[in-house]
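Asker: Residue numbers (numbering that gives the first Met the number 0): 0 to 284.
Here a beta-carbon is modelled for each residue, glycine too, at the ideal position from N, C-alpha and C.
The model shown is predicted, which means the values in this text are computed figures rather than measured ones.
I am attaching a structure below and will ask some questions about it afterwards.
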Amino acid sequence: MEFGIVQFTSDRGLKPHVLAPLIEEAGFASYFVPEHGHIPTRRDAAHPGTGDSSLPDDRYMRTLDPWTSLAAAAAVTERIRLATAVALPVQSDPITLAKTLATLDHISGGRLTLGVGFGWNLDELSDHNVPPKRRRTMLREYLEAMRALWTDEEAEYHGEFVDFGPSWAWPKPPQSHIPTLVGAAGNEKNFKWISRSADGWITTPGEEDIEGSVSLLKTIWSDAGREGDPQIVVLDFRPVPEKLAKWREIGVTQVLYGLPDDDVDKARGYLAKLAGKLDLAPAPA
């Protein structure tokens, strides 16, 4: 089981190229960032955390672009995986996004992990012409089309939302398969989607009682004919040894923690303290 850091990036926090090296130096395995292109000022969709249209944090409307952020992080790190928790691919053009992600994987030396979501903010999705009741199908097509562009010498895709004929697209990602994780509630519907179209699950914030969910995911995964085990990434708030031991036992592959990101010294100190609690070895100088 590995440990990573998730930063709710914003124009008020530490820049990714400043924070990412500190994460790597402290011995963490990954750096995750979110995506929100914009937030409509009037919304009907309820935020999962507040239960209504209010937002718990103004960073939702100040979020940095994830791909620019991870490219900046890639330039100043060598080891940590660069990931999203979560990105919203259906808000972009799939051919253009496939090029961006392939380029990011190329310049990082094959360190990209793609964490995606279906999108809770239906008003935000609507501005991108995403039909709310079809957003899962749309995301599946985007992922399938991008994988074709990443792997096939002459790629083509014909679906309801993505349609293009035989095409050339390079660079191909150094990874033969860019891992794709889905951030969503731990239920049967989502696990069936993951078992068909992704490589693992990212829990929702505060979802700690996951033993039953992990068991259900593994059962659905196996029933779908998938080999091995799904990746399971847990968003945690505080490291508790007994809890971490249980998660390791049931097959959690990575645990993520947030951090204060308003000051370099504060972030460095927090990372060192957290790494000590997790018994992480600092990266070689």
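Buried or exposed: where does N120 fall if 16 or more other Cβ atoms within 10 Å of its Cβ makes it buried?
Answerer: Working through the sequence shown from its first residue, we reach residue 120 at position 121. That one is buried.
Asker: Touch check for the region 91-104 and the region 37-51: three-plus C-beta pairs under 8 Å?
Answerer: no
Asker: Using the C-alpha atoms, what's the distance from T40 back to L111?
Answerer: Position 112 of the sequence shown, counted from the start, is the residue given in the question as residue 111. Position 41 of the sequence shown, counted from the start, is the residue given in the question as residue 40. Cα to Cα, the separation comes out at about 32 Å.
Asker: Is the beta carbon of Q6 closer than 9 Å to that of L258?
Answerer: Counted from its first residue, the sequence shown places residue 258 at position 259. Counted from its first residue, the sequence shown places residue 6 at position 7. Yes, the pair counts as a contact, with Cβ atoms nearer than the cut-off.
Asker: Along the chain, where does the beta strand (DSSP E) that runs through V254 open and close?
Answerer: In the sequence shown, the residue the question calls residue 254 occupies position 255. It spans Q253 to Y256 - the beta strand (DSSP E) in which V254 sits, taken as one unbroken run.
Asker: Would you list the residues sitting across from E1 in a DSSP beta bridge?
Answerer: In the sequence shown, residue 1 corresponds to position 2, counting from 1. For E1, which the question treats as bridged, DSSP gives the partners Q253.
Asker: Tell me whether the beta-carbon of T62 lies closer than 9 Å to the beta-carbon of P33.
Answerer: Against the sequence shown, residue 62 aligns to sequence position 63. Against the sequence shown, residue 33 aligns to sequence position 34. In this structure, P33 lies closer than 9 Å to T62 by Cβ.
Asker: Taking S166 and E155 to be in contact with their CB atoms under 8 Å, please state how far apart those CB atoms are, rounded to whole angstroms.
Answerer: Locating residue 166 in the sequence shown gives position 167, where the first residue counts as 1. Locating residue 155 in the sequence shown gives position 156, where the first residue counts as 1. Indeed, because the Cβ distance is near 7 Å, the residues count as touching under 8 Å.
Asker: Where V232 and D198 are concerned, what is the direct C-alpha to C-alpha distance, given to the nearest angstrom?
Answerer: As a first step, residue 232 is located in the sequence shown; it is residue number 233 there, counting from the start. As a first step, residue 198 is located in the sequence shown; it is residue number 199 there, counting from the start. The straight-line gap from Cα to Cα measures roughly 11 Å.
Asker: Report yes if the CB atom of L270 is closer than 9 Å to the CB atom of L21, and no otherwise.
Answerer: The residue you call residue 270 lines up with position 271 of the sequence shown. The residue you call residue 21 lines up with position 22 of the sequence shown. The answer is yes: Cβ separation under 9 Å.
Asker: At a cut-off of 8 Å, is R41 close to the ligand COA when judged by its beta-carbon and the heavy atoms of the ligand?
Answerer: With respect to the ligand COA, the structure offers nothing, as it holds no ligand at all.
Asker: Counting along the chain, where does the alpha helix (DSSP H) carrying E140 start and finish?
Answerer: Residue numbering aside, residue 140 sits at position 141 when the sequence shown is read from its first letter. Taken as a continuous stretch (DSSP letters only), the alpha helix (DSSP H) holding E140 covers R134 to T150.
Asker: Indicate whether P239 and E1 have their beta-carbon atoms separated by less than 9 Å.
Answerer: Locating residue 239 in the sequence shown gives position 240, counting from the first residue. Locating residue 1 in the sequence shown gives position 2, counting from the first residue. The sequence given here places Val at residue 239; Pro does not occur at that position. No, they are not a contact pair.
Asker: Give the range of the alpha helix (DSSP H) segment to which V17 is assigned.
Answerer: Position 18 of the sequence shown holds residue 17. It spans P15 to E24 - the alpha helix (DSSP H) in which V17 sits, taken as one unbroken run.
Asker: Determine the DSSP secondary structure at T112, reduced to helix, strand or coil.
Answerer: Position 113 of the sequence shown holds residue 112. When DSSP states are grouped into helix, strand and coil, T112 belongs to the strand group.
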